[in-house]
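Residue numbers (our numbering): 6 to 261.
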């Protein structure tokens, strides 16, 4: 009976792995492997298996996006640890699933995909060909011509799915930075502009009305001259000049 039960369990495990699409992470001592991208169909089952090189299953740790995965999703067996998702949903299950142990780690990035029917004469992209479609649900290659064909995600358009088509997404999410010193600088520039404008207006007024300023200057000078006392009296007294060698007393004597 025990052998029959073990055989049944073995076939059940194989059947589950086939249906779920099992993906295996094999850890290596001192190695932190890169992340591999895996596309998963919506509502399908996913099974990620992690194996320790020394069989120390108890030391394995699961993370999703840097956060520990709930125990309900983790299954532990004698030779490996599993994370199982029965019905995959992109909005809930997309992300990086990492299996780690002291000194080693490996991870898969799961990305939900819509179920598509492959057109006749096309094949799916693989490897570096995936870079030809930026924001696409599918990347296809026409077998006869090797031309790429992209099935764009919602909100994207263009041959490479690199143009935004959704009006809601026309503006970037991150707003442009605003300089903290901008308001004071604007105020200072406005003040300088006002001063320059006033000086220019005053200059233009002087140029257009030169007689006004000359009349004001002449009147001011005349008023200042009238207010000042005369430096020399207007009345003059005749002064007789005497011949050389003659004194005042001699003149009086002659007159007598």
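Note that beta-carbon positions come from the ideal geometry of N, C-alpha and C, so glycine has one too.
If you draw a 10 Å sphere on the C-beta of residue 128, you find fewer than 16 other C-beta atoms in it, and that means exposed. Boundaries of the beta strand (DSSP E) around residue 105: 100 to 106. If you look at residue 147, you'll find it in the beta strand (DSSP E) that goes 141 to 147.
Residue 119 and residue 163 have their C-alpha atoms some 19 Å from each other. Straight-line spacing of the CA atoms in residue 39 and residue 189 works out to 49 Å. Around the C-beta of residue 83, fewer than 16 other C-beta atoms lie within 10 Å, and the residue is accordingly described as exposed.
Put simply, of 145, 102 and 137 the residue whose alpha carbon is nearest the alpha carbon of residue 126 is 145. For residue 199, the secondary structure class from DSSP, reduced to helix, strand or coil, is helix. DSSP places residue 157 inside the beta strand (DSSP E), whose first and last residues are 153 to 157.
The segment 58 to 75 and the segment 42 to 49 do not touch, with fewer than three beta-carbon pairs separated by less than 8 Å. Of the candidates 89, 94, 115 and 107, 115 places its Cα closest to the Cα of residue 101.
Separation of residue 208 and residue 169 (C-alpha to C-alpha, rounded to the nearest whole angstrom) is 56 Å. Apart from sequence neighbours up to five positions away, the residues of its chain that approach residue 167 with a beta-carbon distance below 6 Å are 139, ordered along the chain. Residues of the same chain with a CB within less than 7 Å of the CB of residue 33, apart from the 5 flanking positions on each side, are 58 and 109 in chain order. Secondary structure remark: continuous alpha helix (DSSP H) runs of at least 4 residues inside the segment 60 to 100, in chain order: 95 to 98. In this structure, residue 87 keeps its C-beta atom at 8 Å or more from the C-beta atom of residue 30.
Pairing residue 78 with residue 117 gives a Cβ-Cβ distance that is not under 8 Å. 8 Å or more divides the Cβ of residue 37 from the Cβ of residue 54.
For residue 41, the beta-bridge partners assigned by DSSP are 113. In this structure, residue 96 lies away from residue 90, with their beta-carbon atoms at least 8 Å apart. In chain order, 106 place their CB closer than 8 Å to the CB of residue 61, counting only its own chain and leaving out the 5 sequence neighbours on each side.
Per DSSP, reduced to three states, the secondary structure at residue 52 is strand.
Rounded to the nearest whole angstrom, the CA to CA distance from residue 200 to residue 213 is 20 Å. Here the alpha carbons of residue 131 and residue 143 stand approximately 11 Å from one another.
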